[in-house]
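Asks: The numbers in numbering that gives the first Met the number 0 rise by one with no breaks, and the one at position 11 of the sequence shown is 10.
C-beta atoms are modelled at their ideal positions from N, C-alpha and C, and glycine is treated no differently.
Since the model is a prediction, treat every value here as computed from it, not as a measurement.
Got a structure here, written out as structure tokens. Questions coming.
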Amino acid sequence: MARADIRSDGRPIPLKHHSARGKVQRNSGNFTRGSQLLTHEVLMWFAGAKLPVIVWFFCFLIAYSVILSIMLDEHEIQLIGMRLYAMLWNWIGANPMKPVNLTLPDGHIRPTVMAVVEHIPQVITASGKAIRGLIGSFFVSLFATIPLSIWFVDLSRRRGRTILQERHERGAMLVERDVLAGEIARHNRACFEADARTHYPDLTPAEVVRLPFAARKAAGIHHPYSLAGIAYPYRLEQSHTMIIGTTGAGKTTELRRLVTQLRERQDTAVVFDLTGAYVESFYDPAHDTILNPMDQRCPAWSIFADCTTHSEFTAAAAALIPADGGSSEPFWALAARTLFIEMCVKLQEGGATTNLALSENLMTADLKRVHRFLANTIADPLTAPEAARMAESIRAVFNTNAQVLRFLPDEGPRFSIRDWITGDKQPGSILFVTSNYVDLPMNRALLTLWMDLAINRLMTLPRTRSLRTWFLFDELGALHRLPAIENGLQTARSFGGAMVLGLHSFEKLIEVYGEQGARNLASLARTKLILATADLDTAEQCARYIGNREVRQMDEAYSYGYNNTRDASTLTPRKQVEPLVIADDITNLPSMYGFVKFPDGFPAARIKLVWRDYPSIAEGFIARPDPKPVRSKRGAAAFAEGEGEQGGRDGSGQVVHEAGEALDAARALAASILSAPTEDELAARAQDGERTDAIVPVDADAHRRAGEPAKPREPDDPRGADAAARRSGRDAPRSTAVEDLTLVELRQDFSEPDAGHDGPDMGI
């Protein structure tokens, strides 16, 4: 940050909750508490500081004794003693003329008086030696005591600091960025030297470094990428990466830095770009390809360019049509996939491998025609005209997800993701899978399919330790569920794939992949870059990724009282398991700040991203002029159509015809009921002995025909003739396929529903 502020200066901030009430009663005031603690602290300080003084004093005594024993003889020591005695005698005012005998250094005894002792030359000489010895002893003891005192003070401070330090017992660790960068650099250096000895046994590591980059890469020497300014541990890019952060936290900044590195290392990548930021900064028409059905630069593509076998079509269908298929029941999605797979296989057998053929023969074709195409396949029952409503529902699920296929361009050379992944391409090529937010609702299924095809195709290549292709997802939650990504995270590293998954929140990931699927994806992406996030649940999950530790801590407590014997400080050790980072630490991170966690036992570290302005070299999105769905004449289908087929979806004329017959049957039934005799008439006839069960001339099939279209009657049936006349145009023709309200009411009043029969009513 530019300057220290409340986020980083560490100053104490008193906080009182707005709902606090009352005042806590204390046994002592602030002065009493402070004075007791201060006195206790000073006394304890003096107790520790007197030890160096005691050491100095004893050093001084020892030094002085040694010096006096060397400089003075026995008689000089006596003379010094007599001088001290005379000074004390004169100070107390005793008789100065008291006679004394002094033994001189040469052994002679000199009689004198107490007042003269201080002025005798031999006494003065001995006193001078004693004073010089005193000064020398002081400096000797001082020079000996000062280093000891410094050592003692430093030891005491370190002991006081370390006794309160937290001791890491086990679990995860959190270190500073430079510590982690240095450890990984040493690890990578050792791994590089081992690789160099393997691939270039005749060269030293320093000579291998001086080789051209292309030669080293061709030989299999790895060149680590960096994440957040810290190098990946050797060959661990393929352990996959998850970048978690809210909008503006720095995900795009770091992903663009990865793209810059892969350009420099001449690796290839598949980039899912939802904002156009990567296309603007890196797109090169000579090397790169853009897949976006609404972008003018998108090449011609069809599902047949990447799928040729039944299993490949099955995998593509799973990506194109999500698990729920837009319905709460998985049957519709599975049935729509089956319909798509069988139609693609049939079209491929007939040589009609275009988006136009798929649209005309499945998405917009008549149901009878679709059924005829798929006859004798497992999709045959799904398209049966007898179950028209189910068949149309299945096709509706497919059309809802696959409608964007009709907008793909057909002009120009056909592009194949399979060929791009497996074939020879220019070093550093990038496949951009893009969209904008306006087109995303329609494009989502196709974007999911493209990314799925790329991942699946990579895993058909030979195994390798070297990095081949990056897969970068700026926002994974914007796509439907990718079936291949779950398998890819498990096995893509064996085929040279490295994935980087960008997320805003785990809730979006759970929405797409489910709770278990989201946990599985997060566990397979072993490298985590955690930036600021506004979602507390996501922050808690990120805190768990950074890890917990068991720590031993010391609690310091004080006791005081009127009696000094009660004054004490106590240190109590305790162990507890605690998170290295709490969720609030992550939600309160500034932009571009975060944490990085590499696999293989390396500790987590705090990081700061550096923003970089990438110049725009291309348009992020160039709209196609008036994109329209592909259309052709009906006769351009891949298979010949039969004669006599009704127009529209399964023949709208047939629907009107069946509705007319049902209406005729319902009216006949109503007329027969209205013409029935009353109860009084029935009673009178019963008295006359007449049969009452044969009076109402109602056709036994009338009730059934009131609820479903009737079959054509023979010409001698007046009702059938009347219906035939209506069909032949002698009555006014019905111009719409909308069912008449009268028919609905009559069916509800007079029909007898058959619980086990869905029947032609599904087509009305």
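Where DSSP assigns a beta bridge to G496, which residues make up the other side?
Replies: Its beta-bridge partners are T468.
Asks: In chain order, what residues of the same chain have a beta carbon less than 8 Å from the beta carbon of P482, not counting five sequence neighbours either side?
Replies: In its chain, beyond the 5 residues on either side, A314, A317, A318 and D451 have a beta carbon closer than 8 Å to the beta carbon of P482.
Asks: Could you spell out the range, first to last residue, of the alpha helix (DSSP H) harbouring L588?
Replies: Run containing L588: none; DSSP gives neither H nor E here.
Asks: Does the beta-carbon distance from L338 to T382 come in below 9 Å?
Replies: yes
Asks: Output needed for H222: all residues of its chain with C-beta closer than 8 Å, excluding positions within five of it in sequence on either side, in chain order.
Replies: F212, R215, K216 and R264
Asks: Excluding sequence positions up to five away, which residues of its chain have a Cβ less than 6 Å from the Cβ of S568?
Replies: Y557
Asks: What are the partner residues of G170, as DSSP defines its beta bridges?
Replies: R548
Asks: Three or more C-beta pairs under 8 Å: does that hold for the region 502 to 509 against the region 292 to 307?
Replies: no
Asks: Looking at M113 and A129, is the spacing between their C-beta atoms short of 9 Å?
Replies: no
Asks: Could you spell out where the beta strand (DSSP E) holding D272 opens and where it closes?
Replies: T267 to D272
Asks: Give the C-beta separation of A603 and L235 to the nearest angstrom, bearing in mind that I take them to be a contact with Cβ-Cβ under 8 Å.
Replies: Between L235 and A603 the Cβ distance is about 15 Å, and since that is not below 8 Å, they are no contact.
Asks: Give the straight-line distance between the Cα atoms of G427 and D266, rounded to the nearest whole angstrom.
Replies: 5 Å
Asks: Distance, Cα to Cα, S7 vs E175?
Replies: If you take the alpha carbons of S7 and E175, they lie about 15 Å apart.
Asks: Cβ atoms of W331 and I243: under 9 Å apart, would you say?
Replies: no
Asks: Helix, strand or coil, according to DSSP, for E75 in the structure here?
Replies: helix
Asks: So which of T586, K527, A533 and F620 has the shortest CA-CA distance to E253?
Replies: Comparing Cα-Cα distances from E253 to each of T586, K527, A533 and F620, the minimum goes to K527.
Asks: Taking one C-beta from the region 86 to 101 and one from the region 57 to 70 each time, how about it: are there three or more such pairs within less than 8 Å?
Replies: At 8 Å Cβ cutoff, the stretches do not touch.
Asks: Looking at the unbroken alpha helix (DSSP H) that takes in P204, where does it start and where does it end?
Replies: P204 to V208
Asks: In its own chain, which residues sit with a C-beta less than 7 Å from the C-beta of H167, not counting the 5 before and 5 after it?
Replies: Closer than 7 Å at the Cβ level, and outside the excluded window around H167, lie R548 and V550.
Asks: I believe A276 touches R255 by the beta-carbon criterion, under 8 Å. Please report the beta-carbon distance rounded to the nearest angstrom.
Replies: 7 Å
Asks: Is the region 526 to 544 touching the region 142 to 160, taking contact as three or more C-beta pairs under 8 Å?
Replies: Cβ pair count under 8 Å is below three, so no.
Asks: Just list the alpha helix (DSSP H) runs in the region 407 to 492, keeping only unbroken ones of 4 residues or longer that don't cross its boundaries, in chain order.
Replies: 416 to 421, 439 to 457 and 482 to 490
Asks: Let me know the alpha helix (DSSP H) ranges lying completely inside the region 91 to 127, each 4 residues or longer, listed in chain order.
Replies: none
Asks: Can you tell me the Cα-Cα spacing of D105 and F57, whole angstroms?
Replies: Straight-line Cα distance between these residues: approximately 33 Å.
Asks: Give the single residue among E555, N562 and P578 whose Cα lies nearest to the Cα of E539.
Replies: P578
Asks: What three-state label does DSSP hand A316 in the structure shown?
Replies: helix
Asks: With burial defined as no fewer than 16 other Cβ atoms inside 10 Å of the residue's Cβ, what is the status of W469: buried or exposed?
Replies: Buried: at least 16 other Cβ atoms inside 10 Å.
Asks: I'd like to confirm the pairing. Which residues does DSSP put opposite V576 in its beta bridges?
Replies: E549
Asks: Can you tell me where the alpha helix (DSSP H) holding L333 begins and where it ends?
Replies: Secondary structure note for L333: its alpha helix (DSSP H) is the uninterrupted segment P329 to G349.
Asks: My output table needs one value for A322: the three-state DSSP class, helix, strand or coil.
Replies: coil
Asks: For a test of your reading of the model: does the CB of G92 fall under 8 Å from any non-hydrogen atom of the ligand FMN? Yes or no.
Replies: Summarising the ligand content, the structure contains no ligands, and the ligand FMN is consequently not present.
Asks: For the beta strand (DSSP E) that contains I393, what are its first and last residues?
Replies: Per DSSP, I393 belongs to no beta strand (DSSP E); it is in the alpha helix (DSSP H), A387 to A401.
Asks: Here's the rule: buried if 16 or more other CB atoms are within 10 angstroms of the residue's CB, otherwise exposed. What is D554?
Replies: exposed
Asks: Return the CA-CA distance between C190 and Y233, expressed in angstroms with no decimal places.
Replies: 7 Å
Asks: Measuring CB atoms only, is the region 17 to 25 touching the region 96 to 104, in the sense that at least three cross pairs come out at less than 8 Å?
Replies: Judged by Cβ distances under 8 Å, the region 17 to 25 makes no contact with the region 96 to 104, as fewer than three pairs qualify.
Asks: With 16 other CB atoms within 10 Å as the buried threshold, where does I149 fall?
Replies: exposed
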